[in-house]
Amino acid sequence: GERFPVGTLGTTQDGRWYRFARAGASTLVPGNVIVGPAPVTNNVNNTAAATAAGATSTTFSIGATAITQNQYKDGYLSVSVTPGAGYLYNLREHAAVASSGSATWAFSPGESVQVAFTTTTRLDLIANPFRGVIQCPATTIGSNPIGVAVSAPTAGQYCWIQVEGAANVLTAGTLIVGQRAVAPTGTAGAAGPETATAATSKTESTIGQVLRVAATTAWSTIDLHLLS
Numbered sequence: 101g102e103r104f105p106v107g108t109l110g111t112t113q114d115g116r117w118y119r120f121a122r123a124g125a126s127t128l129v130p131g132n133v134i135v136g137p138a139p140v141t142n143n144v145n146n147t148a149a150a151t152a153a154g155a156t157s158t159t160f161s162i163g164a165t166a167i168t169q170n171q172y173k174d175g176y177l178s179v180s181v182t183p184g185a186g187y188l189y190n191l192r193e194h195a196a197v198a199s200s201g202s203a204t205w206a207f208s209p210g211e212s213v214q215v216a217f218t219t220t221t222r223l224d225l226i227a228n229p230f231r232g233v234i235q236c237p238a239t240t241i242g243s244n245p246i247g248v249a250v251s252a253p254t255a256g257q258y259c260w261i262q263v264e265g266a267a268n269v270l271t272a273g274t275l276i277v278g279q280r281a282v283a284p285t286g287t288a289g290a291a292g293p294e295t296a297t298a299a300t301s302k303t304e305s306t307i308g309q310v311l312r313v314a315a316t317t318a319w320s321t322i323d324l325h326l327l328s
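Numbering of the sequence shown is given in my numbering, commencing with residue 101 and proceeding in unit increments.
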């Protein structure tokens, strides 16, 4: 169950760090690179309703993609178009919302609207990156790599994923000790060496430095640097 808020940090005495997370649509695989949920096109660029400064919630209609209960719990309401642009508000638990439906979004304790919203304001719903984590796709990723699976939770189960320190990670390509390990690699869930081609390298995210090299399709040991 949800023993802690998703994103909660945990550590071990040897210096490895973990984040509490909820698995997305499929079972996670130990040693796979994990990414967070991608933004939902119809849940961003929403037209705000007039909301006064100091309010601790706001009500507006979403686009034509339904929202499940607590999909955005511990996530964020981003104000992307002024008035009020630049602020990011943390969200509490919420009910399910039908496609194109209206809902009230309550902020976490201690947060309130800093600059009043008008109907010119645009609001984006951003999921907590650790709620609905999935295997890193082979090529195009919808969200940045956030950790490595260390267990095999099924869809919707809560778990810990590793974000810092020595971890065994599925390998694609020829890694080199001391150099960067990146994702995506063309193999789902795998880390590999940085691509020499600049156009491809620009789409790769560093997950850490190589401690021990294993053959491609085996598991190398990576010093993860994803604590953020």
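No residue lacks a Cβ here, since even glycine has one placed at the ideal position from N, Cα and C. Note that the structure is a prediction, hence the values are computed from the model and not measured.
6 Å CB neighbourhood of residue i in its chain, flanking five on each side removed
| i | result |
| --- | --- |
| Gln257 | Ala123 |
| Asn244 | Ser305 |
Counted within 10 angstroms of its Cβ, other Cβ atoms place residue i as buried (16 or more) or exposed
| i | result |
| --- | --- |
| Asn132 | buried |
| Gly175 | buried |
| Arg119 | buried |
| Leu109 | exposed |
| Gln171 | buried |
| Arg103 | exposed |
Close Cβ partners of residue i (< 8 Å) along its chain, the five nearest in sequence each way excluded
| i | result |
| --- | --- |
| Ile276 | Pro293, Val310 and Val313 |
Whole-angstrom distance between residue j and residue i, CA atom to CA atom
| i | j | result |
| --- | --- | --- |
| Arg231 | Tyr187 | 21 Å |
| Trp319 | Thr295 | 19 Å |
| Thr156 | Tyr189 | 10 Å |
| Phe207 | Thr297 | 44 Å |
| Thr168 | Ser328 | 27 Å |
| Pro137 | Gly278 | 30 Å |
| Ser301 | Leu270 | 19 Å |
| Asn268 | Pro105 | 26 Å |
| Gly286 | Thr274 | 13 Å |
| Asn146 | Val197 | 14 Å |
| Gly115 | His325 | 12 Å |
| Ser202 | Gln113 | 47 Å |
| Trp117 | Thr321 | 15 Å |
| Gly107 | Ala125 | 18 Å |
| Glu211 | Val181 | 19 Å |
| Arg280 | Thr111 | 23 Å |
Selected residue, minimal CA-CA separation from residue i, among the options
| i | options | result |
| --- | --- | --- |
| Leu225 | Glu102, Gln214, Thr297 and Thr159 | Thr159 |
| Ile134 | Ala281, Val233 and Val140 | Val233 |
| Glu264 | Gly210, Asn190, Gly308 and Asn228 | Gly308 |
| Gly101 | Thr240, Cys259 and Ala299 | Cys259 |
| Ala121 | Thr254, Leu324 and His325 | Thr254 |
| Asp323 | Arg280, Ala266, Ala281 and Thr303 | Ala266 |
| Val213 | Ala203, Ser199, Thr141 and Val179 | Val179 |
| Pro209 | Lys173, Thr218 and Thr111 | Lys173 |
| Ser199 | Thr112, Gly107, Thr141 and Gln113 | Thr141 |
Beta-carbon gap between residue i and residue j smaller than 8 Å
| i | j | result |
| --- | --- | --- |
| Gln262 | Val248 | yes |
| Ala272 | Thr220 | no |
| Leu223 | Ala148 | yes |
| Ala283 | Ala291 | yes |
| Thr127 | Ala252 | yes |
| Val250 | Pro139 | no |
| Ile241 | Pro229 | no |
Spatial neighbours of residue i in its chain, beta-carbon cut-off 7 Å, leaving aside the 5 residues before and after
| i | result |
| --- | --- |
| Ala216 | Thr151, Ala152, Ala153, Pro183 and Gly184 |
| Ala288 | Gln235, Cys236, Pro237 and Ala238 |
| Asn143 | Ile162, Gly163, Thr165, Ile167 and Leu225 |
| Trp205 | Ser157, Thr158, Leu177, Leu191 and His194 |
Distance cut-off 7 Å: residue i Cβ against heavy atoms of the ligand GDP
| i | result |
| --- | --- |
| Gly286 | The model on display carries no ligand, and the ligand GDP is accordingly not part of it. |
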